[in-house]
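Chains Y and P, in that order, give the protein sequences. Numbered according to the numbering used here, the first sequence spans residues 3 to 150. Numbered according to the numbering used here, the second sequence spans residues 145 to 262.
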Amino acid sequence: MQKEEYSKLSEKKTKNSDCIKDVTKAFAVGGLICVIGQALFNLYTQIFIIDEQTARILESVSLVFLSALFTGVGLYDSIAKIGGAGTLVPITGFANAVVSPAMEFKAEGLVLGMAPKMFIIAGPVIVFGTAASVVYGVIYYIVTMCMT
Amino acid sequence: MDYLYSFIFGGLLCAIGQILISKTKLTPARILTGYVVAGVILYAIGLYEPFSKLAQSGATVPLTGFGATLAKGVAEAIGEKGAIGIITGGLSASAAGITAAIIFGLLAALIFKPRRKK
């Protein structure tokens, strides 16, 4: 094997192993965040005897609160360095994407600095999520009208 | 079992996100947007509801769950109020998550000092 080929191959190998490591870490950290959510849900339904639908809402709100707190004290960034997508994909990642720019751009003013930046990632998520749900709503409405 | 399934399925959804980041260079905003829209579609074709029953928080905590909440809200609101539900259902159902993010975000930004990015 030529030297160049070898270095190329080894580079590819390390890249692949890095990728596998990152995916494993994302799996573990993301899975753990979901387990914390489930523990909160069980706490609300079993200890506080709250109905399941409300408990799911409280679970999301609690995770958003914890994420805002961890982001505020600078811990979320540290966890995100390990977890990668494992800290992005859960709702805590959505909250982090709101809180983090809000803190960073506070110095540029509350109205023109902080508030608009809160939606730098949340904005597209809400816009396209809502749009998709409206498209689904129109189809669902037509289908149910035709069936009755 | 709820904990195990939450861990496995929630972890898998995150692992898919990590593969997307590593292989496609998609930005976080695009990944989150994709996840929410995917959640709406998966709910619409009837897959997310049974998946949630099995995966529990592994389905509700990832952002696909947010999309499923939007879609479910629309379907339920149409059932209760008719066509107006098309525009009221989604955001009504997801109001708690969005409002929490805004309020706690606002509070965190006002209370905590930003750290210098290294």
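Cβ coordinates follow ideal geometry from the N, Cα and C atoms, glycine included. Owing to the predicted nature of the structure, the values given are computational and were not obtained by experimental measurement.
Who are the neighbours of residue i on chain P, taking C-beta pairs under 7 Å?
i              : result
F43 (chain Y)  : S201
E106 (chain Y) : P258
D24 (chain Y)  : Q162, S166
Q40 (chain Y)  : D146, Y147, S150, Q200, S201
L65 (chain Y)  : V205
Y143 (chain Y) : I222, A227, I230
Is the distance from the Cβ of residue i to the Cβ of residue j below 7 Å?
i              : j              : result
L176 (chain P) : L214 (chain P) : no
V27 (chain Y)  : I93 (chain Y)  : Looking at the sequence itself, residue 27 (chain Y) is Lys, so the reference to Val does not match. Contact flag unset, no.
F107 (chain Y) : G95 (chain Y)  : no
V181 (chain P) : A134 (chain Y) : yes
A199 (chain P) : F256 (chain P) : no
G111 (chain Y) : I230 (chain P) : no
C36 (chain Y)  : S150 (chain P) : yes
Q162 (chain P) : V127 (chain Y) : no
G234 (chain P) : V218 (chain P) : yes
I123 (chain Y) : A99 (chain Y)  : yes
S166 (chain P) : Q40 (chain Y)  : no
V101 (chain Y) : G32 (chain Y)  : no
Going by CA-CA distance only, name the one from the options that's closest to residue i.
i              : options                        : result
M105 (chain Y) : Y:I141, Y:G74, Y:G125          : Y:G74
F29 (chain Y)  : P:C158, P:P172, P:G183         : P:C158
I38 (chain Y)  : P:A253, P:L148, P:V184, P:A173 : P:L148
G131 (chain Y) : P:S236, P:A253, P:G211         : P:G211
Along chain Y, in chain order, which residues have C-beta atoms closer than 7 Å to that of residue i?
i              : result
S236 (chain P) : By Cβ distance, chain Y contributes nothing, its closest Cβ being about 11 Å from S236 (chain P), past 7 Å.
G161 (chain P) : A28, A87, L90, V91
Give the interface partners of residue i over in chain P, defined as CB-CB distance under 8 Å, in chain order.
i              : result
S19 (chain Y)  : In chain order: nothing, as chain P lies at least about 12 Å away.
F96 (chain Y)  : L176, L207, F210, G241, A245
V127 (chain Y) : A173, L176, T177, V180, L207, F210
E61 (chain Y)  : S201, T204, V205
S80 (chain Y)  : Going along chain P, no residue has its Cβ under 8 Å from S80 (chain Y), so there is no contact; the nearest lies around 11 Å.
F130 (chain Y) : T177, V180, V181
A134 (chain Y) : V180, V181, V184, I185, G211, L214, A215
Using a cut-off of 9 Å between C-beta atoms, extract the partners of residue i located in chain P.
i              : result
G111 (chain Y) : Residues of chain P passing the Cβ test: none, with the nearest at roughly 12 Å.
M120 (chain Y) : A245, I246, G249, L250, A253
Who are the neighbours of residue i on chain Y, taking C-beta pairs under 8 Å?
i              : result
L157 (chain P) : G32, V91
Please go through the stretch 185 to 258 of chain P and give each complete alpha helix (DSSP H) segment of 4 or more residues, from N-terminal end onward.
-> 192 to 199, 201 to 204, 207 to 225, 229 to 255
Give, in chain order, every unbroken run of the alpha helix (DSSP H) that is at least 4 residues long and sits entirely within the stretch 87 to 113 of chain Y.
-> 87 to 90, 93 to 106
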